[in-house]
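Just so we're aligned: the sequence shown equals residues 1 to 783 in full-length UniProt numbering.
For each residue, glycine too, the CB sits at the ideal point set by N, CA and C.
Just below is one structure, and these are the notes that go with it.
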Amino acid sequence: MPKLHQRKYRKITKQILKRMAGYQQMSDAELQHQTQLLQRQVNGQRRNLKKVLPAAYAVVCEASKRVLGLSPFPVQILGAVAMEDGNVVEMKTGEGKTLTATMPMYLHGLAGRGNYLITANEYLANRDSETMGKLYRWLGLSVSSAVPQPGQDADQRDLAKIYQANIVYTTNSTLGFDYLFDNLAKTKEEQHLPSFNFALLDEADAVLLDAAQTPLVISGTPRVQSNFLGNADQVVKLLHQDRDYQISDDRKNIWFTPEGIVRMEKYLDVDNLLSHEWRDLYCHLVLALRANYLIKKNRDYVVHDDEVVLIDQHNGRELPGMKMQAGMHQAVETKENVSVSQEQRAMATITYQNLFRMFHQLAGMTGTAATDAKEFLEVYNLTVFKVPTNKPNIRIDLPDRLYITNQAKLVDSLQVVKQAYAQRRPILIETGSLELSVLYSRLLLQAEIPHSVLNARSEVKEADIIRHAGELGAVTVSTAMAGRGTDIRIAPAVEKLGGLLVLGTERMQNKRIDNQLRGRAGRQGAPGESVFYTSLEDKIVTEHSTRSVQKFARQHAQQQQQLLGKKSRFKHVIDRAQRFLANQQRAARFETLQYGEITRLQRKAVYLQRDQIMTATDLSAIIQKTFHFVAHEFVYHRGYQNHGETLLEFIYQNIDPSYRSATDLQLESRKQQERRLLQLMNDRLQRLHEQLVDQQQWLYFQRVTLLRAIDQGWIGQVDHLEVLMRVIKERSIAQVNPIYEFQREGQKAFDKMKTVINLKAVQNVTNSEVIIKKDGKIEIEFP
Numbered sequence: 001m002p003k004l005h006q007r008k009y010r011k012i013t014k015q016i017l018k019r020m021a022g023y024q025q026m027s028d029a030e031l032q033h034q035t036q037l038l039q040r041q042v043n044g045q046r047r048n049l050k051k052v053l054p055a056a057y058a059v060v061c062e063a064s065k066r067v068l069g070l071s072p073f074p075v076q077i078l079g080a081v082a083m084e085d086g087n088v089v090e091m092k093t094g095e096g097k098t099l100t101a102t103m104p105m106y107l108h109g110l111a112g113r114g115n116y117l118i119t120a121n122e123y124l125a126n127r128d129s130e131t132m133g134k135l136y137r138w139l140g141l142s143v144s145s146a147v148p149q150p151g152q153d154a155d156q157r158d159l160a161k162i163y164q165a166n167i168v169y170t171t172n173s174t175l176g177f178d179y180l181f182d183n184l185a186k187t188k189e190e191q192h193l194p195s196f197n198f199a200l201l202d203e204a205d206a207v208l209l210d211a212a213q214t215p216l217v218i219s220g221t222p223r224v225q226s227n228f229l230g231n232a233d234q235v236v237k238l239l240h241q242d243r244d245y246q247i248s249d250d251r252k253n254i255w256f257t258p259e260g261i262v263r264m265e266k267y268l269d270v271d272n273l274l275s276h277e278w279r280d281l282y283c284h285l286v287l288a289l290r291a292n293y294l295i296k297k298n299r300d301y302v303v304h305d306d307e308v309v310l311i312d313q314h315n316g317r318e319l320p321g322m323k324m325q326a327g328m329h330q331a332v333e334t335k336e337n338v339s340v341s342q343e344q345r346a347m348a349t350i351t352y353q354n355l356f357r358m359f360h361q362l363a364g365m366t367g368t369a370a371t372d373a374k375e376f377l378e379v380y381n382l383t384v385f386k387v388p389t390n391k392p393n394i395r396i397d398l399p400d401r402l403y404i405t406n407q408a409k410l411v412d413s414l415q416v417v418k419q420a421y422a423q424r425r426p427i428l429i430e431t432g433s434l435e436l437s438v439l440y441s442r443l444l445l446q447a448e449i450p451h452s453v454l455n456a457r458s459e460v461k462e463a464d465i466i467r468h469a470g471e472l473g474a475v476t477v478s479t480a481m482a483g484r485g486t487d488i489r490i491a492p493a494v495e496k497l498g499g500l501l502v503l504g505t506e507r508m509q510n511k512r513i514d515n516q517l518r519g520r521a522g523r524q525g526a527p528g529e530s531v532f533y534t535s536l537e538d539k540i541v542t543e544h545s546t547r548s549v550q551k552f553a554r555q556h557a558q559q560q561q562q563l564l565g566k567k568s569r570f571k572h573v574i575d576r577a578q579r580f581l582a583n584q585q586r587a588a589r590f591e592t593l594q595y596g597e598i599t600r601l602q603r604k605a606v607y608l609q610r611d612q613i614m615t616a617t618d619l620s621a622i623i624q625k626t627f628h629f630v631a632h633e634f635v636y637h638r639g640y641q642n643h644g645e646t647l648l649e650f651i652y653q654n655i656d657p658s659y660r661s662a663t664d665l666q667l668e669s670r671k672q673q674e675r676r677l678l679q680l681m682n683d684r685l686q687r688l689h690e691q692l693v694d695q696q697q698w699l700y701f702q703r704v705t706l707l708r709a710i711d712q713g714w715i716g717q718v719d720h721l722e723v724l725m726r727v728i729k730e731r732s733i734a735q736v737n738p739i740y741e742f743q744r745e746g747q748k749a750f751d752k753m754k755t756v757i758n759l760k761a762v763q764n765v766t767n768s769e770v771i772i773k774k775d776g777k778i779e780i781e782f783p
């Protein structure tokens, strides 16, 4: 962050503080009236927002004091100023990000709709829209929560009302799915989302980095269930690592060796497994390989009641209803020997990277961002701005304690927990997986230490558990604290004991997540302490360190002295492993962005075409253009002609099933054939028009038939791209540029899709049956 910008932000902050003095003298009615005055100055033009920023922020600060009883600190105002300039603002845990966010949200709310605050989870979206909503409503702005209320299904929401609000609190997934469904609508009335004007992301690093590769997918029509699932699972369970398959250093990719291919061909009695004939079988073998050796139970998913339930890798929550795509979920179900769910075709998909890059203006806030400042800038054009704490941070961060084995680490860390519990000092114990949290809970039970467990199985009690984690004698075991939202507050009696003790049982996948955990202690200048107990058997070490480290761990696992000293040659092994993994993750996110960009361009073209049809008041030109394309394609390029298909057969199958004229067989001229096709298409169209004399009915019929054709083609393309990406990534092992291959083959498929859409449009327009109801509404029976 350039110092010039920092000075500018501080200067604006001083202006706001100065203005606040004037607003303090106003009555409630006078202060509330300021919103109308500011709205007039903005006049719906977002370019005017910066002009009114000092006044708007001062109004919010004074109103906050009156409505919420909270007066923002100068550092919170400074952070809010930086947010408006398109930055990711780093504010330490407990520094009041929720209140800080009210300033830029109010400012953008003055310009109208399309302003979103993206929270870490549904609980926070509902909580903050209610608590902070009191402030916005008092000032005359509307606010809503887009996530379902407790006990409410997503399809029960009043989306029209929700998205009419000036300010919408939501989650990244809720917004993403609402966007995708909005672009599957058949009428303008079914579309509810306003323009993507401004988004402020809470826990921005979790959304834009950790979840960047997570695709949001709407699934639709089921695929035919494959018979290869069981055979593929049985075969890969017989394979051996290094000999038959290999795993990448970052343990994100896995592939068969040539020897493994030969071995599977013998098992399956197949001549050439890589030939086109056995492509589907090979794809299922790849899925089974990943399911058995990369995707881990109690880390990536749990099994409940004969069902595989995914786990959010960032915060440890269960994700009921969500499934891995392209057959991966079914492969895991087969591995676990549970009922195999029906595989669905992907109808629409988008990544968070592409979703949030669509916003006119983007900003974020989080407790940890500086370590990834470069990626924020390169991918999202967001600069990181560190806000100083309101009070000095006096938390003590102790050096890591590094052991050779996990057992020694757990035994010694348990002694620290016992000592803290004896003093009644609250302690937060972070584990890296559901499995380890369960193990640590058992150790505490054996030691007769009462405690709470916060993992994928305890989401319902989450906020309550966190809220009490800072009380005297509290012991809390958690799988992941990032994105939990609720602060851990400590009582004065706890401060005398040294504050909250945070104990990590292993270092996480990157330093940013480690810092998030440390930040749970020492909030708002309170005392606190953090320490990590680590070992050479930790996941981060075993998967991302050199073989010499792993060899040393095996050779010295039984030695009496397990704690490695400060001068040990392994003292930096975890830091190196984290840096290695961080580089791998950045590269993977960039690769996802490249794949996503190719899909984004296709999606943009399709959605633009849909919007044109949705808003058009006359679709006759589009239909005539479609007719000419199909006729020309058949006659001159044989784009739709199967082997031996005649003109008569084409007419019968696509335009008029009752057509039987043999005279068309005598049309030898291509021009004559093209004219005949156009005549028949328009004849069918005219007969339908005579049936639908009402102009609104006629426009509705044209719109729905064209949109259905687009959706049929696009759904097939989306599903094809999902499968294509999986296959292309496998090819990358053969030194082929996967991005280039995906772009090339994806474009070929896109061109073919456009041809299919045009033919589907002709079929829908000429072959659909229309039923007019008594109330004037029409039903369309498609061919």
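Work out the CA separation of residue j and residue i for me, nearest whole Å.
{"i": "Arg137", "j": "Gly176", "result": "26 Å"}
{"i": "Ile254", "j": "Ile295", "result": "11 Å"}
{"i": "Arg424", "j": "Leu445", "result": "17 Å"}
{"i": "Val549", "j": "Val338", "result": "38 Å"}
{"i": "Tyr57", "j": "Ile465", "result": "34 Å"}
{"i": "Glu203", "j": "Leu500", "result": "22 Å"}
{"i": "Ile780", "j": "Met358", "result": "35 Å"}
{"i": "Lys266", "j": "Val235", "result": "10 Å"}
{"i": "Val630", "j": "Leu688", "result": "20 Å"}
{"i": "Ser768", "j": "Gln691", "result": "12 Å"}
{"i": "Gln697", "j": "Ile778", "result": "7 Å"}
{"i": "Val270", "j": "Ala326", "result": "24 Å"}
{"i": "Met26", "j": "Arg19", "result": "12 Å"}
{"i": "Gln149", "j": "Leu362", "result": "26 Å"}
{"i": "Val52", "j": "Met105", "result": "13 Å"}
Tell me which residues share the same chain as residue i and place their Cβ nearer than 7 Å to its Cβ, disregarding the 5 neighbours each side in the sequence.
{"i": "Tyr636", "result": "Arg670"}
{"i": "His192", "result": "Leu159, Ala160, Tyr163 and Asp182"}
{"i": "Tyr640", "result": "Its pLDDT being 47, under 50, Tyr640 is placed unreliably in this model, and the coordinates cannot settle the point."}
{"i": "Gln562", "result": "Tyr403, Ile404, Thr405 and Ala408"}
{"i": "Asp397", "result": "Arg518 and Ser530"}
{"i": "Gly522", "result": "Asn393, Ile394, Arg395, Gly499 and Gly528"}
{"i": "Ala469", "result": "Pro426, Leu428, Thr476 and Ile488"}
{"i": "Asn642", "result": "Low confidence applies to Asn642: its pLDDT is 45, below 50, so where it sits in the model is not reliable enough to give any reading."}
{"i": "Ser64", "result": "Leu70, Ser71, Pro72, Leu99, Thr102 and Leu135"}
Note down, in chain order, each residue of its chain lying with its Cβ closer than 8 Å to the Cβ of residue i, except the 5 sequence neighbours on either side.
{"i": "Arg703", "result": "Lys186, Thr187, Ile613, Met614, Ala616 and Leu619"}
{"i": "Tyr9", "result": "Leu78, Val81, Ala82, Asp85 and Phe385"}
{"i": "Tyr352", "result": "Asn172, Gly176, Val207, Leu208, Ala211, Ala212, Thr214 and Leu216"}
{"i": "Arg290", "result": "Ile254, Met328 and Ala331"}
{"i": "Gly644", "result": "With a pLDDT of 41 at Gly644, under the threshold of 50, the modelled position of this residue cannot be trusted; read the value that follows with caution. Answer for Gly644: no residue qualifies."}
Might you give, ordered along the chain, the residues of its own chain that have their beta carbon closer than 6 Å to the beta carbon of residue i, omitting 5 neighbours on each side?
{"i": "Lys50", "result": "none"}
{"i": "Gly761", "result": "The identity of residue 761 in the sequence shown is Ala, whereas the question assumes Gly. Thr626, Leu706 and Ala709, listed in sequence order."}
{"i": "His304", "result": "none"}
Report, in whole angstroms, the separation of the C-beta atoms of residue i and residue j, which I expect to be a contact under 8 Å.
{"i": "residue 784", "j": "Thr119", "result": "Any question about residue 784 goes unanswered here, given that the chain covers just 1 to 783."}
{"i": "Leu216", "j": "Leu180", "result": "7 Å"}
{"i": "Val718", "j": "Met347", "result": "6 Å"}
{"i": "Gln76", "j": "Thr93", "result": "With 8 Å as the limit, Gln76 and Thr93 do not qualify as a contact, their Cβ atoms being about 14 Å apart."}
{"i": "Thr371", "j": "Leu377", "result": "Contact flag wrong, Cβ pair sits at about 13 Å."}
{"i": "Phe356", "j": "His284", "result": "The Cβ separation is near 34 Å, so there is no contact."}
{"i": "Ile540", "j": "Gln516", "result": "The pair is not a contact, with the Cβ atoms about 16 Å apart (cut-off 8 Å)."}
{"i": "Lys134", "j": "Met365", "result": "Incorrect: roughly 21 Å between the Cβ atoms, too far for contact."}
{"i": "Thr766", "j": "Ile655", "result": "5 Å"}
Name, in chain order, the residues that DSSP records as bridge partners for residue i.
{"i": "Trp255", "result": "Gln246"}
{"i": "Ala631", "result": "Partner(s): none; Ala631 has no beta bridge."}
{"i": "Asp271", "result": "Asp271 pairs with nothing; no bridge assigned."}
{"i": "His33", "result": "Looking at the DSSP assignment, His33 forms no beta bridge with any residue, so it has no partner."}
{"i": "Pro215", "result": "Thr351"}
Quick check: the region 714-724 against the region 744-754, are there 3 or more CB pairs under 8 Å?
yes
Three or more beta-carbon pairs under 8 Å between the region 4-19 and the region 80-93, yes or no?
yes
The region 411-427 in contact with the region 490-508 per 3-pair CB rule at 8 Å:
yes
Assess, as a yes-or-no matter, whether the region 428-443 is touched by the region 290-306 under the definition of 3 or more beta carbon pairs within less than 8 Å.
yes
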